[in-house]
Each structure stands twice: as structure tokens, then as C-alpha cells.
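Have a look at the structure below, then the notes.
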Amino acid sequence: MRASVTAATESASARLRRVRRCDGKLLLELEVTRGLAEAPPATPVAALRALRALSLRGVVRALERAADDDEVAGLIAHTSGEIGFAPAAELRAAVDRFRDSGKRTAAWAETFGEMGPGNSAYHLASAFEEIWLQPTGDLGLVGVTASAVFVRGTFDKLGVQTQIGQRHEYKAAANTFLETDLTAPHREMLEALVGSITDGIVRDVASARGMTEEAVRHAVDRAPLSAQEALEGGFVDHLGYRDELYRTLREELTERDAEPRLRFVERYEQPGGPVARLTGGAHLPQAVRRRRGVVAVVGAHGPIHLGRSGGPHSVLGHSAGADTVTAALRSAGRDDHVRAIVLRIDSPGGSAVASDAIRRAVLEVRAGGTPVVASMASLAASGGYFIAMPCARVFASPGTLTGSIGVLGGKQVVSNTLERIGITRGTVSAGRYADMFSTDRPFDEEEWARVEGWLDRIYEDFTSKAAHDRDLPLERLRELARGRVWTGAQAAEHGLIDSLGGLSAAADAACELAGTDRFDVEVRPWPRPSPLAMLHPPENSEAPAAAAATPGVELLGEGVGPVDRLLTLISARAGLPVHGALTVPWRIVLR
Numbered sequence: 001m002r003a004s005v006t007a008a009t010e011s012a013s014a015r016l017r018r019v020r021r022c023d024g025k026l027l028l029e030l031e032v033t034r035g036l037a038e039a040p041p042a043t044p045v046a047a048l049r050a051l052r053a054l055s056l057r058g059v060v061r062a063l064e065r066a067a068d069d070d071e072v073a074g075l076i077a078h079t080s081g082e083i084g085f086a087p088a089a090e091l092r093a094a095v096d097r098f099r100d101s102g103k104r105t106a107a108w109a110e111t112f113g114e115m116g117p118g119n120s121a122y123h124l125a126s127a128f129e130e131i132w133l134q135p136t137g138d139l140g141l142v143g144v145t146a147s148a149v150f151v152r153g154t155f156d157k158l159g160v161q162t163q164i165g166q167r168h169e170y171k172a173a174a175n176t177f178l179e180t181d182l183t184a185p186h187r188e189m190l191e192a193l194v195g196s197i198t199d200g201i202v203r204d205v206a207s208a209r210g211m212t213e214e215a216v217r218h219a220v221d222r223a224p225l226s227a228q229e230a231l232e233g234g235f236v237d238h239l240g241y242r243d244e245l246y247r248t249l250r251e252e253l254t255e256r257d258a259e260p261r262l263r264f265v266e267r268y269e270q271p272g273g274p275v276a277r278l279t280g281g282a283h284l285p286q287a288v289r290r291r292r293g294v295v296a297v298v299g300a301h302g303p304i305h306l307g308r309s310g311g312p313h314s315v316l317g318h319s320a321g322a323d324t325v326t327a328a329l330r331s332a333g334r335d336d337h338v339r340a341i342v343l344r345i346d347s348p349g350g351s352a353v354a355s356d357a358i359r360r361a362v363l364e365v366r367a368g369g370t371p372v373v374a375s376m377a378s379l380a381a382s383g384g385y386f387i388a389m390p391c392a393r394v395f396a397s398p399g400t401l402t403g404s405i406g407v408l409g410g411k412q413v414v415s416n417t418l419e420r421i422g423i424t425r426g427t428v429s430a431g432r433y434a435d436m437f438s439t440d441r442p443f444d445e446e447e448w449a450r451v452e453g454w455l456d457r458i459y460e461d462f463t464s465k466a467a468h469d470r471d472l473p474l475e476r477l478r479e480l481a482r483g484r485v486w487t488g489a490q491a492a493e494h495g496l497i498d499s500l501g502g503l504s505a506a507a508d509a510a511c512e513l514a515g516t517d518r519f520d521v522e523v524r525p526w527p528r529p530s531p532l533a534m535l536h537p538p539e540n541s542e543a544p545a546a547a548a549a550t551p552g553v554e555l556l557g558e559g560v561g562p563v564d565r566l567l568t569l570i571s572a573r574a575g576l577p578v579h580g581a582l583t584v585p586w587r588i589v590l591r
């Protein structure tokens, strides 16, 4: 009997503790170490996998809402992992707005780089009110580095002959196969890129930590620093472990109110839980979903190509099919509830004609009265810049890689390589140039002249349209073109973009152009069909379902042989563009 009374008493006590905890405010948790997704799921399977995913867009939206929510007391972020310089800048801006509301913020990390760089992780952490570092950790604020891979020696040994033309000296893709080291223009461009990004990090850290830029640069040249050196230098506020930070914040916030409740940012951002994520809001009554205006966020993620997004083109990740992107733009432009459109771009470029089709759709929507603003993510170069430049306003983060106004094209001749391993091919043709792009033989002089003429024509089209769209004199635009990649900060200085800022800033500008208040609209991906809706084929090219990606299946007429597929994969990994002439010239690895 005594045991049952004791158990009942303990049960009542536990219930009282739970009630007390429920009365406490929320302490949001952000686990940056899990990585951040830029693109929303494009297929039913991807949507299911994304139920527990952390998206950059969702985190920013959640922090904006939490800043005005009296039930939210603060934010703790685990910032050990590197996330990229452009996403870090967008998150810093969101944290700054959250801090402006007077709420508590703290970042913690086991280490900012373990035997490696921790630049973007610390850059993000510096936006928080307090930084905690594990006593055994390091501060890897070592500065930014960029590298390029050259496979000329390997291809020579394999017997691969490369024939690629480019416009112009900064469009350095062919260097990967024709050179064994950086050319002077290639080196000049990379040095300018890493210098620009490092300068931005130094300025931000100095401002956030109350230091001089000289002091931060001195630390960069001495890094990596031990935890104790980071504390003594003023780069972190406390040396301690996760449990110590959580206990400290709980005690501090409990003095003002009941014990705070922990909640992941992504769970706060989606109060409807998994159902809301799975249905994209389709489970809600139509009156609820449509009582507010919409700023439609249309995504262009991955290489740009003809046809629909996904399918064989997405073997290396997301892809931006012109049919899919233009259908989304048209659908949003026709919808009475859409006040404005933000074209969110994270793309190295690709097909020139596909990029031009998307540009035309942007101009068509704008002519119909719907403002379109471009928001560049980590990468919006070459064809990615081509589709941004006709927008009414163009935004980029300081660390975004953009520009690359240039063109390249050609082929690799692999017949000698295949013969060495016993593979031969027989070919028959009807037509003078039917096998012009065959990888079995080089271009002859007449064919190469045609390739050069094609490159000149596309380059002239690109530069003239860029000058028109950006309202720059053609000669000035040509000086900024030549295939050169710029950071967002550099692009803003040269007039290639309008402003520095992330998706939130672009949405604000879109609302301003539409003459509507940001608080009167919902900023959301467009279209946002449920996974079930993705399974139904579109009725016509104007239907909202036409803006959905094609599932990852090989379509009739798009199949390639195993040798060509292998060459495509190898070329893509090595940095050779495989999706078209307007592609960023090489895979830039920034750390």
C-alpha cells in the first residue's frame, strides 16, 4: 500500500514538473552540423526523405517568425560544421535580426576545424551573443583557399585528345585538360576570389567581436589557434562543454520564467509537423491557405538544361530543366494570389538555349505585371547569371560565386584510349557534319571554324543581353565578362548585381516592387504540390503539375551507352561542363 501511495505521489510530482515545463518559453536549437539543404524536394521519394531535413529557407523563415514570438526566449546553435560562405552569410543575417528582438543567443562548437579550416563555421558563430568552445577544440580561422585540378598529364598517358574553345581567357575549363598548372588569368581570378571572401569574413568578425580588422588578420595568419589562445584573443567567450552551456542558459532563463522548453528550429518552423511537410499545406482548408497573398519562390537548382528538371540530368544532383522552371514562372505569374516572384538560383549554368528560354519567361512574367527578383545562393554563374540578369532586382550574398559571362564548347577524342583497352566502334553517317561531334575523331579545320563561329555567336548574344538587362554600356560589360567569376561582393561593386542580401532581402524587395507589406504575404516555394500530386502527369504545359520535376528515370531518346555515361561522370567530377556552353568553367573548391 505504501509503495502504491509513493508511486502515486511521484506520478503527481512528475505531472506537476511537466506542467511547469510547459509553462516555460521555448529555447530553439539549431544543429548546423547536420548540413543545410538549399533546394526543396523535387520528387515524392525526396519529399519523404526530407521530413527530417534542415533547409536554409526553413531556418531563416523560422528565425524571422521567432523574433516576433513572445513564447521564444532564445537560440542555441551547434556550429562545428562547415556550411559554405553564402549560406553562412544568410544565417548570420537571420541571427542578427533575431538578436535585434532582444532574445538570448549562444553558439557552441567542439572545434572550429579539426586539423582543417573552420572559416565558415566560425563566421556564423560570430553573429551570436556568446561563443562557447570545447577546451580541447581549435579555432581554424585560417583564411580561404581555392584549388583547381589539372588532368593534362593523365589524359596524355591515356591518349585522350581535348579540343575545347572558350570565350575568353578567364573561362578556364579547358585549362583543366590543356594545362598542368594555373595560367596567369586563372591565378589572378582565384586570388581575387579568395581575397574578397576573406576580406568579408574579417570585416564581419571584427565588427561582431569588437576588434580591429588588423587584429583579426593577425589571428588569421597565426591560426589555427588553441581554445585557450582563442579565449585570450577574444574570439570566444567561454571554454566549456555542451552540458555546461545548456545548464547556464537554463538557469539564467529560469530565473525570469519557468524552465525553458527545448525545440529544434525545424520543428518550430513546421508547427503542423510531418503532415504539414508531407502535404505542403494541402491538408489545410483552401480558405486558410489562400487568405494571404504569396511571394512565390521559384527554384533553379543545379545544371540548366532543356526539358524537365530531374530524370537522367539529375544523376549528379539537382538539375534545372527549362520546361520545369518556365512552367513554374508562368504558373506563378497567372495566379491571382501571387504578388511577386523570387527566382532562387543555385546553378553553375549549362545550356545556352535553355538559359535563354528561362530568361524569356522572366521577361514575359514581368511584362504581365508580376515583379520578379533574383536571389543567388552559393553559385549563380554563367547560365545561372544569364537567368538572373533580366530580373527587376538581383541579390547575392558576399560569398556567392557569380558572373562567368562567357562560353565554351568542344569535345574529347577518346578513340585511342578505348582502343588500348580493346573497345572499338563502327560508325556510318549521312550528312557532311553528321559525326562532327563524335568522340572517335578530332574536328577537321572546317569543323573547328564552325565551332569557333558558334562560340562567337553565343558570346555576343550573352554579352549584349547582359548589357541590356543590367543597363551597362556594352564595352563596360565586355570588360567584366570574358568568362571571369566574381564574388557577390565584387559583383555588387561592378554593377553586375543590385544588392547584397539573401532570400529574405530579396523577398522584401519583391514586396516593395509589388506595393504590398511583407507581413501580408506568405513567402513559399512555388509550386508546392504534395508528393501524391507529383505522381500525376500534367494535363498540359500550362498546368501547375508541369512545374514538377521528372522522377529519376531514363526516358526514350535520352539514354546513352555505358561508355558515354562513364565519360560524362568522369568529366563532371573533373570539372568539365557536361550540360552546355554556359557553365561555370571549373569546380571551384573554396575552404
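Residue numbers (this note's numbering): 1 to 591.
Using N, Cα and C, we set each Cβ at its ideal position, and we do this for glycine too.
Quick caveat, the model's predicted, so the values are computed rather than measured.
Taking the C-beta atoms as reference points, residue 395 is found no nearer than 8 Å to residue 304. Under the three-state reduction of DSSP, residue 526 is assigned to coil, being neither helix nor strand. Contact annotation, residue 121 with residue 128: C-beta distance approximately 12 Å; criterion of less than 8 Å not satisfied. By the neighbour-count criterion, in which 16 or more other beta carbons inside 10 Å mark a residue as buried, residue 376 falls on the buried side. Under the criterion of beta carbons closer than 8 Å, residue 146 and residue 178 do not qualify as touching, at roughly 20 Å. Around the beta carbon of residue 473, a 10 Å sphere encloses fewer than 16 other beta carbons of the protein chains shown; the residue is thus reported as exposed. For residue 103, there is no enclosing alpha helix (DSSP H), as DSSP marks it with neither H nor E. The Cβ atoms of residue 63 and residue 32 lie no closer than 8 Å to each other. Taking 8 Å as the upper bound for CB-CB distance, residue 60 and residue 90 are in contact here, some 6 Å apart. Per DSSP, reduced to three states, the secondary structure at residue 263 is strand. Straight-line measurement puts the Cα of residue 318 at about 10 Å from the Cα of residue 38.
By the criterion of a C-beta distance shorter than 6 Å, residue 76 is surrounded in its chain by 29, 106, once the five residues flanking it on both sides are discounted.
Taking the CA atoms as reference points, residue 207 sits about 19 Å from residue 144.
Sorting 367, 359, 462 by C-alpha distance to the C-alpha of residue 405 places 462 at the top. For residue 333, the closest C-alpha among the options 370, 323, 525, 383 is that of 370. With 16 or more neighbouring CB atoms inside 10 Å of its own CB, residue 309 falls in the buried class. Taking every protein chain shown into account, the CB of residue 135 has fewer than 16 other CB atoms within 10 angstroms, so this residue is exposed.
Spanning the alpha carbons of residue 195 and residue 214 requires a straight line of approximately 15 Å.
Here residue 421 carries a coil assignment [DSSP, helix/strand/coil]. Around the C-beta of residue 201, 16 or more other C-beta atoms lie within 10 Å, and the residue is accordingly described as buried.
The region 83–148 is shown to contain whole alpha helix (DSSP H) runs of 4 or more residues at 85–100, 119–125, in chain order. Within its own chain, the residues whose Cβ lies closer than 6 Å to the Cβ of residue 170, once the five positions on either side in sequence are excluded, are 185, 189, 482, 483, 484, listed in chain order. Classified as exposed, residue 115 has fewer than 16 neighbouring CB atoms from the shown chains inside 10 Å of its CB. Take residue 363, set aside five residues on each side of it, and the residues of its chain with a beta-carbon closer than 7 Å to its own are 390, in chain order.
Residue pairing for residue 395: DSSP places it in a beta bridge opposite 375, 499. Spatial neighbours of residue 198 in its own chain (CB-CB distance under 7 Å, excluding positions within 5 residues in sequence) are listed in chain order as 143, 144. Secondary structure note for residue 157: it is in no beta strand (DSSP E), and the uninterrupted alpha helix (DSSP H) holding it is 152–158.
Straight through space, the alpha carbons of residue 455 and residue 176 are spaced by roughly 19 Å.
Taking a 10 Å sphere around the C-beta of residue 85, we find 16 or more other C-beta atoms and assign the residue as buried. Within the same chain, 259, 260 come within 7 Å of residue 250 by CB-CB distance, once the 5 residues on both sides are set aside. The way I'd put it, the region 412–422 does touch the region 432–441; three or more beta-carbon pairs between them come closer than 8 Å. The region 145–164 and the region 229–243 do not touch, with fewer than three beta-carbon pairs separated by less than 8 Å. Rounded to whole angstroms, the Cβ separation of residue 301 and residue 327 is 15 Å, and the two are not in contact under 8 Å. If you draw a straight line from the Cα of residue 235 to the Cα of residue 98, it comes to about 21 Å. Counting other Cβ atoms within 10 Å of its Cβ, residue 409 reaches 16 or more and is therefore classed as buried. Taking all protein chains shown into account, residue 423 has fewer than 16 neighbouring C-beta atoms within 10 Å of its C-beta and is therefore exposed.
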